[in-house]
Amino acid sequence: MMDEQYKSKQYFGDEFTEGVYFSEINPSEDTLEAAYAVDSVQDITILNFTENCLEEIGKYHFSTLQLAFVFYLKYSKSKGFSARKSKTFKNSIGGVYKQKFGKKRKNEPRLETRTGCEAQMDVKFVPETQRWQIFYFSDKHNHDLLDTQFNAMLPTIEKCQRQILCK
1 MMDEQYKSKQ YFGDEFTEGV YFSEINPSED TLEAAYAVDS VQDITILNFT
51 ENCLEEIGKY HFSTLQLAFV FYLKYSKSKG FSARKSKTFK NSIGGVYKQK
101 FGKKRKNEPR LETRTGCEAQ MDVKFVPETQ RWQIFYFSDK HNHDLLDTQF
151 NAMLPTIEKC QRQILCK
């Protein structure tokens, strides 16, 4: 099980990515740790990403896809980069079952705004638990990160938080 958590290179969609793939967790309610449950924006606001290691990131699970995105937005802002939704995977009836969150700089290089950065977080829906779980995480950057004193200049997550709270 631990071997699956170490760095590996696997094919995902149309590209090779390098990062940590978290092993399939036994999808029963008792295997999900309550300490890593994210059920509201307030749960995200109390997180301190400077203390979280890579193995801890993989333990988080979310009640909604939107909360998973807010989680990655807060993580990215705390590290000095901005994020976006990347790829969405849908089943035959149109329901989303997997989502990739990436960097705003990930696409093809274009002047100085895109660098092809590989940092991303992928989540998938686990029907047995009715939760979204992180199954891939990469913090590999090919550019300098913004100094923390300038993080306020990054796009805010307030709009996304307001949308979730209004639902």
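Residue numbers (the UniProt record's numbering): 1 to 167.
Glycine included, each C-beta is placed from N, C-alpha and C at the ideal position.
Out of curiosity, what's the CA-to-CA distance linking residue i and residue j?
i: E55; j: Q42; result: 22 Å
i: Q133; j: K87; result: 16 Å
i: I46; j: S92; result: 37 Å
i: G58; j: E128; result: 18 Å
i: L32; j: T64; result: 15 Å
i: Y72; j: G95; result: 21 Å
i: M121; j: Q66; result: 13 Å
i: A83; j: V70; result: 10 Å
i: C53; j: F81; result: 18 Å
i: S40; j: Y60; result: 13 Å
Assign residue i to buried or exposed, taking buried as 16 or more other Cβ atoms, counted over all protein chains shown, within 10 Å of its Cβ.
i: A35; result: exposed
i: Q130; result: exposed
i: F89; result: exposed
i: K77; result: buried
i: Y11; result: Caution applies to Y11, whose pLDDT of 36 falls short of 50 and renders its modelled position unreliable; the model cannot decide the point.
Below 7 Å between beta carbons: does that hold for residue i and residue j?
i: K85; j: F62; result: no
i: K98; j: E118; result: no
i: F137; j: V38; result: no
Quick one: measure Cβ to Cβ for residue i and residue j, integer angstroms, because I've assumed they're closer than 8 Å.
i: V126; j: A68; result: So it is not a contact: roughly 12 Å between Cβ atoms.
i: I44; j: K79; result: Incorrect: roughly 15 Å between the Cβ atoms, too far for contact.
i: F135; j: F22; result: 5 Å
Check the Cβ-Cβ distances between residue i and every residue of chain B, and say whether any is below 7 Å.
i: S78; result: You won't find chain B in this structure, because it holds only one protein chain.
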